[in-house]
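Residue numbers (this note's numbering): 4 to 123.
Below is one structure; the comments refer to it alone.
Below, the structure is given as structure tokens:
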């Protein structure tokens, strides 16, 4: 038996704002909140995300990031939707690539990929 990712932990200065962004971005919902932060979750097969309050400044490039696969629109439309939710475009030195790098409101980088069918 192998393991599976149960929770992804993200430090952020404002857990409520980060939860609002990621819930809208991923179609997740808030499942718990306490003095340490906010938990959000999607379908049972997806990992939960724990947004933990931390005011330490982010230093450098995020060492682990999400690759988002749009599910019901093309890449450009998904990028615009995420920007409207509060994401910002980020230049980390990428050149001519097939993904778009964004950052969430807390500064965590993530990529929006071209539409991909994982069954292919």
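Cβ atoms here follow ideal geometry from the backbone N, Cα and C, with glycine treated the same way.
Everything numeric in this text was worked out from a predicted model, so none of it was measured.
Same chain only: Cβ atoms within 8 Å of residue 58, ignoring 5 sequence neighbours per side: So the list reads 16, once near-sequence residues are dropped.
Cβ neighbours of residue 82 in the same chain (closer than 6 Å, five flanking residues each side left out): 103, 115
Sequence-distant residues of its chain with Cβ nearer than 7 Å to residue 22 (five each side left out): 33, 41, 43, 54
Where the beta strand (DSSP E) through residue 10 begins and ends: 10–15
Alpha-carbon to alpha-carbon, residue 6 and residue 98: Going by the C-alpha atoms only, they are around 35 Å apart.
Euclidean distance between Cα positions of residue 62 and residue 111: One C-alpha to the other measures close to 11 Å.
Nearest candidate by alpha-carbon position, reference residue 65, set 118, 107, 19: 107
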